[in-house]
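The working numbering runs 129 ahead of the 1-based position in the sequence shown. The block underneath contains the structure these notes are about, expressed in structure tokens.
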Amino acid sequence: MAAPIAVQLYTVREALAQDFEGVVRKIAEMGYLGVETASFPGTTPKQAAQLFDELELTVCSAHAPLPIGPKQNEVLDLVAALNCKRLVCPALDRNYYSSVDKIYRACDLLNEAHQVVVDNGLSLGVHNHWWEYEPVEGQYPYEIMMDRLDPAIFMEIDTYWVRVAGLDPVEIVKKWGQRAPLLHIKDGPAIQGFAHLAVGEGIIDIVGVVEAGQNVTEWLIVELDACDTDMLEAVEDSYAYMVSNGFAEGRKAV
Numbered sequence: 130m131a132a133p134i135a136v137q138l139y140t141v142r143e144a145l146a147q148d149f150e151g152v153v154r155k156i157a158e159m160g161y162l163g164v165e166t167a168s169f170p171g172t173t174p175k176q177a178a179q180l181f182d183e184l185e186l187t188v189c190s191a192h193a194p195l196p197i198g199p200k201q202n203e204v205l206d207l208v209a210a211l212n213c214k215r216l217v218c219p220a221l222d223r224n225y226y227s228s229v230d231k232i233y234r235a236c237d238l239l240n241e242a243h244q245v246v247v248d249n250g251l252s253l254g255v256h257n258h259w260w261e262y263e264p265v266e267g268q269y270p271y272e273i274m275m276d277r278l279d280p281a282i283f284m285e286i287d288t289y290w291v292r293v294a295g296l297d298p299v300e301i302v303k304k305w306g307q308r309a310p311l312l313h314i315k316d317g318p319a320i321q322g323f324a325h326l327a328v329g330e331g332i333i334d335i336v337g338v339v340e341a342g343q344n345v346t347e348w349l350i351v352e353l354d355a356c357d358t359d360m361l362e363a364v365e366d367s368y369a370y371m372v373s374n375g376f377a378e379g380r381k382a383v
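Right under this line is the structure:
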């Protein structure tokens, strides 16, 4: 059975800043079953959660800072307001990936945050960019992280950034899919700095990625960082491609 489809709201951040409620309603009308949150321009997490509930949009996960340090309670309250059980670290400072020793420190930080998250009935995940998949001192950061992180910390594999780094996202999902319930699905030329395209219009092997995650992927999350076309149209086209081909489950057929 196909995994349900969601959209990372960072994708439509500019439109959300103009009309948060209107854009979320459009996403629900397109047929998306879930959303992954990032920010809440012009609203609050609690108000957003009420809107999501009304539209029957599941908050599959929330991108938020690590819940350690002075903002710990603020972050935990945000996730609680969303009725969400998955907190995802969007990225750590890239400097953490400049040496193996610093990667070790990043893992320590994530493990510390994981304990806080677990103590609050949540789970912690880590989203990647391309630099986790570029060699550092002859080792891949993601390999080090998989070895040193608590096994309960899950991966949110951004399949596009894996390809930008020069690796095959299909093979990465095959290898680590059991620890990656969430996949970011995006498309484009896979060249750093170039705009993304609606899913299905670029060079990413979407079929291979979906097949590699079959039976282990819990959510397929569309995310486009930037497009030269209208972003909402690209989000709708991405839904149509994923659902019409049977790669993902949506609210309505295409």
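Where is the CB? At the ideal position from N, CA and C, for every residue including glycine. These figures come from a predicted structure and were not determined experimentally.
Check each candidate in 191, 178, 354, 296 and name the one with the smallest Cα separation from residue 254.
191
Neighbourhood of residue 369 by C-beta, 7 Å cutoff - its chain only, sequence neighbours within 5 removed:
383
For the stretch 160-233, which segments carrying the beta strand (DSSP E) assignment without a break, of at least 3 residues, lie completely within its bounds, in sequence order?
163-166, 187-192, 215-218
Where does residue 149 sit, in a helix, a strand or coil, going by DSSP?
helix
Looking at the unbroken beta strand (DSSP E) that takes in residue 285, where does it start and where does it end?
283-287
Does the distance from the C-beta atom of residue 167 to that of residue 138 stay below 7 Å?
yes
Do you know offhand how far residue 148's Cα is from residue 177's?
12 Å
Out of 272, 266, 279, 221, which one is the CA nearest neighbour of residue 244?
279
Any chance the stretch 290-300 sits against the stretch 260-271, with 3 or more Cβ pairs inside 8 Å?
yes
Can you give me the start and stop residues for the beta strand (DSSP E) that residue 348 sits inside?
348-351
Can residue 307 be considered in contact with the ligand NAD, in the sense that its beta carbon sits closer than 6 Å to one or more heavy atoms?
Summarising the ligand content, the structure contains no ligands, and the ligand NAD is consequently not present.
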